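In the working numbering, the protein residues as written are 3 to 166.
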Amino acid sequence: GGVGFTQYATAAYTDNILDEFTYYGMDYIKDKYKVDWKNPSPKDRVKPTYDVVNDIVTEVSLNAMEQYEQYPTMMEDHFGGSQRAGVLAAACGLSCSIATGNSNAGLNGWYLCMLLHKEGWSRLGFFGYDLQDQCGSANSLAIRPDEGAVGELRGPNYPNYAMN
Numbered sequence: 003g004g005v006g007f008t009q010y011a012t013a014a015y016t017d018n019i020l021d022e023f024t025y026y027g028m029d030y031i032k033d034k035y036k037v038d039w040k041n042p043s044p045k046d047r048v049k050p051t052y053d054v055v056n057d058i059v060t061e062v063s064l065n066a067m068e069q070y071e072q073y074p075t076m077m078e079d080h081f082g083g084s085q086r087a088g089v090l091a092a093a094c095g096l097s098c099s100i101a102t103g104n105s106n107a108g109l110n111g112w113y114l115c116m117l118l119h120k121e122g123w124s125r126l127g128f129f130g131y132d133l134q135d136q137c138g139s140a141n142s143l144a145i146r147p148d149e150g151a152v153g154e155l156r157g158p159n160y161p162n163y164a165m166n
């Protein structure tokens, strides 16, 4: 399966790894941007700029990638690249969305994480399936209401899941 299946099943089998990466992001936005994610308030929101998304995603991505490298069994558990790509991107997207209160900032955080992941590890998938995990960043601001999920976090290959 592709990212569609990956995101469908991620919460069930990531052994709190997605939680750990996301909580790292929450600690980061609290320390740097003073966002009280436990008690959300419109006054705490950070303006969703390129610099903010870039900062949060870079920090969360690098931390997560370092964790995968420090604990090889974690990398083996999320085999194939798509699982790792999905977990990293979800943590980055969540961190950006929560900091800014803007789902589009989260979506752009997701795609930026994919690009950082590819830059760091040279690939996202395996056996030639890299494309399914990268083909969204050019369209991250596109609104195609006939396909649904407008403004929601979704896999980069939405709606063309690799399982079709």
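We put the beta carbon where it would ideally sit given N, CA and C, even for glycine.
Since the model is a prediction, treat every value here as computed from it, not as a measurement.
{"Query": "Inter-stretch contact (C-beta, 8 Å, three-pair minimum) for the stretch 28-47 and the stretch 107-116", "Result": "no"}
{"Query": "Neighbourhood of P50 by C-beta distance below 6 Å, restricted to the same chain and skipping five residues each side", "Result": "T102, N104, A107"}
{"Query": "Range of the contiguous alpha helix (DSSP H) that encloses R86", "Result": "84-102"}
{"Query": "N-terminal and C-terminal residue of the alpha helix (DSSP H) that T24 is part of", "Result": "19-35"}
{"Query": "Closest Cα partner of V59 within the set Y15, I19, Y30", "Result": "Y30"}
{"Query": "Environment of S97 [buried if 16+ CB atoms lie within 10 Å]", "Result": "buried"}
{"Query": "D2 - containing alpha helix (DSSP H), residue span", "Result": "Within the shown structure, residues of the chain are numbered from 3 to 166, placing residue 2 beyond reach of any answer."}
{"Query": "Residue from S84, A66, D57, H80 whose Cα sits closest to the Cα of Y175", "Result": "Since the displayed the chain opens at 3 and closes at 166, residue 175 lies outside it and no answer follows."}
{"Query": "Closest Cα partner of P44 within the set N18, M116, I100, F23", "Result": "I100"}
{"Query": "Y70 and R86 closer than 8 Å at C-beta", "Result": "yes"}
{"Query": "G95 versus S84: straight-line alpha-carbon distance, rounded", "Result": "16 Å"}
{"Query": "Beta carbon of A93 nearer than 8 Å to that of V62", "Result": "yes"}
{"Query": "With 16 other Cβ atoms within 10 Å as the buried cut-off, status of Y113", "Result": "buried"}
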